[in-house]
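Visitor: Okay, here's the structure, questions in a sec.
Residue numbers (full-length UniProt numbering): 1 to 460.
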């Protein structure tokens, strides 16, 4: 079994730390342990499930108390280790692996920094008061508790602020006097008393001080990690770690849609009707362009063809489907010579006979369509006017449409697709849409349930 020495691979991430007292690390230094190659990837995947769950919760506008519960559940579900003694190592290793994964571009760094900071914030809040004080020491925060004499001077002001946020400020309360710019979230929400450039922060609010320092440390570390990655590690590990690292940021962790769920089959005559009822916007768009132009470029053929395969279109029907369209433009003979092979290849009948998997939302979103291409994610690549028109065509309007457009503006493309599903089907989709074939399967399930309800009512 292959071993990955941490001081060679993970040391690139050592600009901010793994140290810390208790169960919550501060990730200041890379772990002094050996990491098996399979753990390198599996630990990172488990942590990614947590971070992506947090991202979805934030983009759905969950309240702080809901987020605290969500973070706790995500952590318990994905970050436990079968050996309890190894749980902390899994925490540290997974962070440093993802630091390598997400250091590579500014967009990746921004997302990782935001999610890790949010994760740390809620984990810190779950720590005991004693542990929180130790973490303040770990971060070397230069703040001392407010002396009794100074507390008496501002006690009334502190009490007013405390009452306004449902807390108390008495002689036992501990406060810290800090420069106001170091707690911008508390200042903006008017949760602290301000005087002469200082904010008076209660012990119950020190999470803001610690999180600010944590965010600063991780931000600097990501930049340094990127330099080391580009300078040495990417090339040194091109045959081993680099492919894993580069794939993880676009990884899909949901069900396998290389085969249709429940052995479902769709027929040629049903494709247009199914597109109207159950295809996500990206697939509707490509079908419309295929019908219009009788051709799709390679990216479109791969994205749409594998989707149809995962939805239940058999190879013989797939060949007939594509031949019927392409032959109108290039002729049957050219189709058989230039295009039929790739269709059979996607179904594992040619070449290496690999059973290719339909593209996930993450892979589709990360695509960069060129001129004349129609693949990719409409929520990302359409202009506002075209996207509104496409959604109107699906029957989405009013408040639902504006909510979708708001998510698009904030780059929450998968959530925008989820809201489209909810608007067109009249049901909630708490799991979120992560795959076009998930959209199709969920749509068919909802429609079958509605039809059964109608039939039951008719029978009675």
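Even for Gly, the Cβ is constructed at its ideal location relative to N, Cα and C.
It should be emphasised that the depicted structure is a prediction, and the values quoted were computed from it without experimental measurement.
1. What first and last residue would you give for the beta strand (DSSP E) that runs through residue 179?
2. Quick check on residue 28: does DSSP put it in helix, strand or coil?
3. Please report the straight-line C-alpha distance between residue 216 and residue 443, rounded to a whole angstrom.
4. For residue 407, collect the residues of the same chain with a Cβ closer than 6 Å to its Cβ; drop the 5 residues on either side in sequence, then sort them by chain order.
5. Quick one: any contact between the stretch 70–79 and the stretch 133–140, if contact means 3 or more CB pairs under 8 Å?
6. How is residue 253 classed by DSSP in three states: helix, strand or coil?
7. For residue 346, which residues of its own chain have a beta-carbon under 7 Å away from its beta-carbon, when the five flanking residues on both sides are left out?
8. Can you tell me which residues form a DSSP beta bridge with residue 193?
9. Residue 367 by DSSP, collapsed to three states: which one?
10. Since I believe residue 364 is in contact with residue 282 (beta carbons under 8 Å), could you give me their beta-carbon distance rounded to a whole number of angstroms?
11. Who are the Cβ neighbours of residue 332 in its own chain at under 8 Å, not counting the five residues just before and after it?
12. Taking Cβ to Cβ, would you say residue 253 is nearer than 8 Å to residue 49?
13. When you compare the CB positions of residue 154 and residue 195, do they come within less than 8 Å of one another, or not?
14. Please name the residue, chosen from 32, 36, 57, that lies closest to residue 432 on a Cα-to-Cα basis.
15. Look at the alpha carbon of residue 148 and the alpha carbon of residue 110, and state the distance between them as a whole number of angstroms.
16. Using the Cα positions of residue 413 and residue 89, report the straight-line distance between them to the nearest angstrom.
17. In angstroms with no decimal places, state the Cα-to-Cα distance between residue 440 and residue 280.
18. Can you round the beta-carbon distance between residue 187 and residue 176 to whole angstroms, since I take them to be within the 8 Å contact cut?
19. Measuring CB atoms only, is the stretch 393–402 touching the stretch 208–225, in the sense that at least three cross pairs come out at less than 8 Å?
20. Could you give the distance in angstroms between the alpha-carbon of residue 453 and the alpha-carbon of residue 427?
21. When the Cα atoms are used, what is the spatial distance from residue 249 to residue 316?
22. Which of the three DSSP states is assigned to residue 127 in this structure?
23. Quick one: using the 10 Å Cβ neighbour count with 16 as the cut-off for buried, is residue 311 buried or exposed?
24. At a cut of 8 Å, does the stretch 241–248 reach the stretch 37–52 through at least three beta carbon pairs?
25. Go to residue 402, then tell me how far its alpha helix (DSSP H) extends in each direction, as first and last residue.
26. From residue 26 to residue 139, what distance separates their C-alpha atoms?
27. Compute the beta-carbon to beta-carbon distance between residue 141 and residue 213, rounded to the nearest angstrom, for a pair I have assumed lies under 8 Å.
28. Kindly indicate which three-state DSSP category residue 358 falls into: helix, strand or coil?
29. Sort out for me which residues DSSP pairs residue 145 with in a bridge.
30. Using a threshold of 7 Å, is the CB atom of residue 127 nearer than that to any non-hydrogen atom of the ligand GTP?
31. Can you give the Cα-Cα distance for residue 423 and residue 393, rounded to whole angstroms?
32. Tell me which residues share the same chain as residue 374 and place their Cβ nearer than 7 Å to its Cβ, disregarding the 5 neighbours each side in the sequence.
33. Rounded to the nearest angstrom, what separates residue 104 and residue 183 at their Cα positions?
34. Using the Cα positions of residue 269 and residue 321, report the straight-line distance between them to the nearest angstrom.
35. Would you call residue 458 buried or exposed, if buried means 16 or more other Cβ atoms sit within 10 Å of its Cβ?
36. Give the secondary structure of residue 337 by DSSP, where H, G and I count as helix, E and B as strand, and everything else as coil.
Guide: For this structure:
1. Numbered from 1 along the chain shown, position 179 holds the residue referred to as residue 179. Residue 179 -> beta strand (DSSP E) spans 175–179.
2. By one-based count along the chain shown, residue 28 stands at place 28. In this structure, residue 28 counts as strand in the three-state DSSP scheme.
3. Residue 216 sits at position 216 when you count from the first residue of the chain shown. Residue 443 sits at position 443 when you count from the first residue of the chain shown. For residue 216 and residue 443, the distance between alpha carbons rounds to 44 Å.
4. For this step, residue 407 is matched to residue 407 along the chain shown. Within the same chain, residue 407 has close Cβ partners 415, 416.
5. Too few Cβ pairs lie closer than 8 Å, so no.
6. For the purposes of this step, residue 253 is taken as residue 253 along the chain shown, with counting starting at 1. Coil.
7. Looking up residue 346 in the chain shown gives position 346. Same-chain partners within the cutoff: 305, 306, 309, 356.
8. Taking the chain shown and counting its residues from 1, the one referred to as residue 193 is at position 193. Under the DSSP definition of a beta bridge, residue 193 partners with 200.
9. Working through the chain shown from its first residue, we reach residue 367 at position 367. Residue 367 falls in the coil class under three-state DSSP.
10. Numbered from 1 along the chain shown, position 282 holds the residue referred to as residue 282. Numbered from 1 along the chain shown, position 364 holds the residue referred to as residue 364. Rounded, the Cβ-Cβ distance is 6 Å, consistent with contact.
11. The sequence position of residue 332 within the chain shown is 332, counting from 1. Within the same chain, residue 332 has close Cβ partners 323.
12. By one-based count along the chain shown, residue 253 stands at place 253. By one-based count along the chain shown, residue 49 stands at place 49. Yes, the Cβ-Cβ distance between residue 253 and residue 49 is below 8 Å.
13. As a position in the chain shown, residue 154 is number 154, starting the count at 1. As a position in the chain shown, residue 195 is number 195, starting the count at 1. Contact flag set, yes.
14. As a first step, residue 432 is located in the chain shown; it is residue number 432 there, counting from the start. Out of 32, 36, 57, 57 has the C-alpha closest to the C-alpha of residue 432.
15. Numbered from its first residue, the chain shown carries residue 148 at position 148. Numbered from its first residue, the chain shown carries residue 110 at position 110. The alpha-carbon atoms of residue 148 and residue 110 are separated by roughly 41 Å.
16. As a position in the chain shown, residue 413 is number 413, starting the count at 1. As a position in the chain shown, residue 89 is number 89, starting the count at 1. Straight-line Cα distance between these residues: approximately 34 Å.
17. One-based indexing of the chain shown puts residue 440 at position 440. One-based indexing of the chain shown puts residue 280 at position 280. About 7 Å.
18. By 1-based counting over the chain shown, the position of residue 187 is 187. By 1-based counting over the chain shown, the position of residue 176 is 176. 14 Å between Cβ atoms; not a contact.
19. No, the stretch 393–402 does not touch the stretch 208–225.
20. On the chain shown, residue 453 is found 453 positions in, with the first residue counted as 1. On the chain shown, residue 427 is found 427 positions in, with the first residue counted as 1. Straight-line Cα distance between these residues: approximately 15 Å.
21. Here residue 249 is taken as the residue at index 249 of the chain shown, counted from 1. Here residue 316 is taken as the residue at index 316 of the chain shown, counted from 1. Residue 249 and residue 316: Cα-Cα distance of roughly 35 Å.
22. Position 127 of the chain shown, counting from 1, holds the residue named residue 127. Residue 127: coil per DSSP, three-state reduction.
23. Stepping through the chain shown from its first residue, residue 311 is reached at position 311. It is buried - the Cβ of residue 311 has at least 16 other Cβ atoms within 10 Å.
24. yes
25. The residue given as residue 402 occupies position 402 in the chain shown. First-last of the alpha helix (DSSP H) with residue 402: 398–409.
26. Counted from its first residue, the chain shown places residue 26 at position 26. Counted from its first residue, the chain shown places residue 139 at position 139. Roughly 8 Å separates the two Cα atoms.
27. Residue 141 sits at position 141 when you count from the first residue of the chain shown. Residue 213 sits at position 213 when you count from the first residue of the chain shown. With a Cβ gap of about 6 Å, residue 141 and residue 213 count as contacting.
28. Position 358 of the chain shown, counted from the start, is the residue given in the question as residue 358. In the structure shown, residue 358 sits in coil (DSSP, three-state: anything other than H, G, I, E or B).
29. Reading the chain shown from its first residue, position 145 is the one you call residue 145. The partner list for residue 145 (beta bridge, DSSP) reads 176.
30. In the structure on display, the ligand GTP does not appear, and there are no ligands present to speak of.
31. Within the chain shown, the letter at position 423 stands for residue 423. Within the chain shown, the letter at position 393 stands for residue 393. C-alpha separation (whole angstroms): 13 Å.
32. As a first step, residue 374 is located in the chain shown; it is residue number 374 there, counting from the start. Excluding positions up to five away in sequence, the list reads 285, 286, 289, 296, 300.
33. For the purposes of this step, residue 104 is taken as residue 104 along the chain shown, with counting starting at 1. For the purposes of this step, residue 183 is taken as residue 183 along the chain shown, with counting starting at 1. Their Cα atoms are separated by approximately 29 Å.
34. Numbered from 1 along the chain shown, position 269 holds the residue referred to as residue 269. Numbered from 1 along the chain shown, position 321 holds the residue referred to as residue 321. Approximately 10 Å between the Cα atoms of the pair.
35. In the chain shown, residue 458 corresponds to position 458, counting from 1. Under this definition residue 458 is an exposed residue.
36. Stepping through the chain shown from its first residue, residue 337 is reached at position 337. Of the three classes helix, strand and coil, the one that applies to residue 337 here is helix, per DSSP.
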